[in-house]
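To start, the structure under review is shown below, and the notes come after it.
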Amino acid sequence: MRRASWHRDQDSVVGQLAEWEVWVELVVQSHGRLHVFLPLLDRGIDALIHRIEDGSWFPVQVKGRSQLRNGSLQIVAPAASLVDPDALLLGVALEDDHVGPFVLVITEGDFKRIANRSHVRGKPTFWAQVSLVPGRTSRWAQYVFPRQQLADALLAGIKPKFKVSPPPRIRGAIARATGFRGEVEVTRRLADVDELTIFRAFPDLETAEVVVLHEKSRQVLGIQVKTIGVDRQHPEGTIDIDVASFRPSATTWVVGVAWDRAVRRFRDECLVIPSLDVNRIVAPYRGHLRFPFFPDSPRKWGRLTPYRRPLADLGILMAAELFRISR
Numbered sequence: 034m035r036r037a038s039w040h041r042d043q044d045s046v047v048g049q050l051a052e053w054e055v056w057v058e059l060v061v062q063s064h065g066r067l068h069v070f071l072p073l074l075d076r077g078i079d080a081l082i083h084r085i086e087d088g089s090w091f092p093v094q095v096k097g098r099s100q101l102r103n104g105s106l107q108i109v110a111p112a113a114s115l116v117d118p119d120a121l122l123l124g125v126a127l128e129d130d131h132v133g134p135f136v137l138v139i140t141e142g143d144f145k146r147i148a149n150r151s152h153v154r155g156k157p158t159f160w161a162q163v164s165l166v167p168g169r170t171s172r173w174a175q176y177v178f179p180r181q182q183l184a185d186a187l188l189a190g191i192k193p194k195f196k197v198s199p200p201p202r203i204r205g206a207i208a209r210a211t212g213f214r215g216e217v218e219v220t221r222r223l224a225d226v227d228e229l230t231i232f233r234a235f236p237d238l239e240t241a242e243v244v245v246l247h248e249k250s251r252q253v254l255g256i257q258v259k260t261i262g263v264d265r266q267h268p269e270g271t272i273d274i275d276v277a278s279f280r281p282s283a284t285t286w287v288v289g290v291a292w293d294r295a296v297r298r299f300r301d302e303c304l305v306i307p308s309l310d311v312n313r314i315v316a317p318y319r320g321h322l323r324f325p326f327f328p329d330s331p332r333k334w335g336r337l338t339p340y341r342r343p344l345a346d347l348g349i350l351m352a353a354e355l356f357r358i359s360r
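Anchor point for the sequence shown: position 53 equals 86 in our numbering, and the numbering is continuous, going up by one each time.
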């Protein structure tokens, strides 16, 4: 049974449905080689796509419509929303409840170069009519792909690295709750810095659990959060990293935080470690990287000393690193 047509007052629903349909297509078509991270605060970027093989990050905006006009997709974008020339703009039309047979994949820079310019309510705006009819001559033709090639457009010919991953280690309920608490705390500290936009994985498939995009430098860092539980009788815990799912890179960091079970708050000190440095701290053993973390340790020096930081400064530290790598 064919679904009733969408109404104009349902544009926000159409936009959300188009986004979710695109995320599903990317994950399914790439067989997990593309990971989707969704923003916790909407600042114009609908998602960050992580290409696993080479660690590349792609900011993405999705422009969805419920129907075509004479085979063309109408796209209207305020100039203020197109701030990153390297970000991808994906244009899709829905057929019933699914993405139609052809999609637009173009960088914001190329879209601005080709699209028409005008003003809407006094604000500069870009608009375009993109033909999605196969074989029709159009200046957009080189950026239009069959839906089945959507993931290929982002994979850009990079060959997959086939790897059989072991089943995930099942943690107890208390460990899961403590880990979740740590992720939320790290997210809260990052949110203290206005220049950072925070993303979470959908689905959670990889090393990075929290990702930050610097709004000015447009640089991206992924963060794996490790949470230990401590109290007066147990002043230290073990940071445990599963080697099978750990992919160290220049754009991934490990942050360790300590939850004090007795007073039910986080300790003031955390670990901030570039993922490429982890192997320098400890050698792998039986598929794991394990090392003790004694927060607020009275010891003056140790292998973790260069990575000890005040938890209150975490957001500022990440923002400074994102600015540094942009120079």
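Cβ coordinates follow ideal geometry from the N, Cα and C atoms, glycine included. If you're wondering where the values come from, they're calculated on a predicted model, not measured in any experiment.
Item	Value
Alpha-carbon spacing of I19 relative to V276, whole angstroms	Examination of residue 19 is not possible in this model, given that the chain is present from 34 through 360 alone.
Local Cβ density within 10 Å of L223, reported as buried at 16 or more and exposed below that	buried
Backbone secondary structure at S151 - three-state DSSP	strand
Three-state secondary structure (DSSP) of P339	helix
Identity of the residues DSSP links to V93 by a beta bridge	A80 and L121
Beta-bridge pairing of F279 - partner residues as DSSP gives them	None, per the DSSP bridge assignment.
Identity of the residue in D87, Y318 and F327 nearest F299 by Cα	F327
Simplified DSSP state of P200, which is helix, strand or coil	The predicted model places P200 with a pLDDT of 45, which falls under 50 and marks its position as unreliable, so this point remains unresolved.
Extent of the continuous alpha helix (DSSP H) to which D185 belongs	L183 to L188
Candidates H267, V217, W56 and V287: closest to M351 by CA position	V287
G133 classed as buried or exposed, judged by whether at least 16 other C-beta atoms fall within 10 angstroms	buried
Reduced DSSP category for D293 - H, G, I as helix; E, B as strand; rest coil	strand
Burial state of I108, where buried means 16 or more other Cβ atoms lie within 10 Å	buried
Paired residues, beta bridge with G262 - DSSP	W292
Candidates A174, Q181 and Q49: closest to V60 by CA position	Q181
Residues of its chain near H321, where Cβ-Cβ distance is below 8 angstroms and the 5 sequence neighbours each way are ignored	D273, I274, D275 and V276
Rounded C-alpha distance that separates S308 from L127	41 angstroms
Per DSSP, cross-strand counterpart(s) of Q107	Q162
Helix, strand or coil at L309 [DSSP, three-state]	helix
Beta-carbon proximity list for G142, same chain, < 8 angstroms, skipping 5 on both sides	P118 and D119
Per DSSP, the bridge partner or partners of P179	F135
Per-residue DSSP class, three states only, for K249	coil
D273, DSSP secondary structure in three states	strand
Reduced DSSP secondary structure (H/G/I, E/B, other) of F195	Residue confidence is low: F195 scores 44 on pLDDT, short of 50, so the model does not pin down where it sits. Its coordinate-derived value is still stated next. In this structure, F195 counts as coil in the three-state DSSP scheme.
Which of helix, strand or coil DSSP assigns to R169	coil
Segment contact, 8 angstroms Cβ cut-off, at least three pairs: the region 75-86 with the region 148-163	no
E86 - DSSP class collapsed to helix/strand/coil	coil
Limits of the beta strand (DSSP E) - the one that A353 falls within	Premise fails: A353 lies in the alpha helix (DSSP H), L347 to I358, not in any beta strand (DSSP E).
Whether L115 touches V163 by CB criterion (7 angstroms)	no
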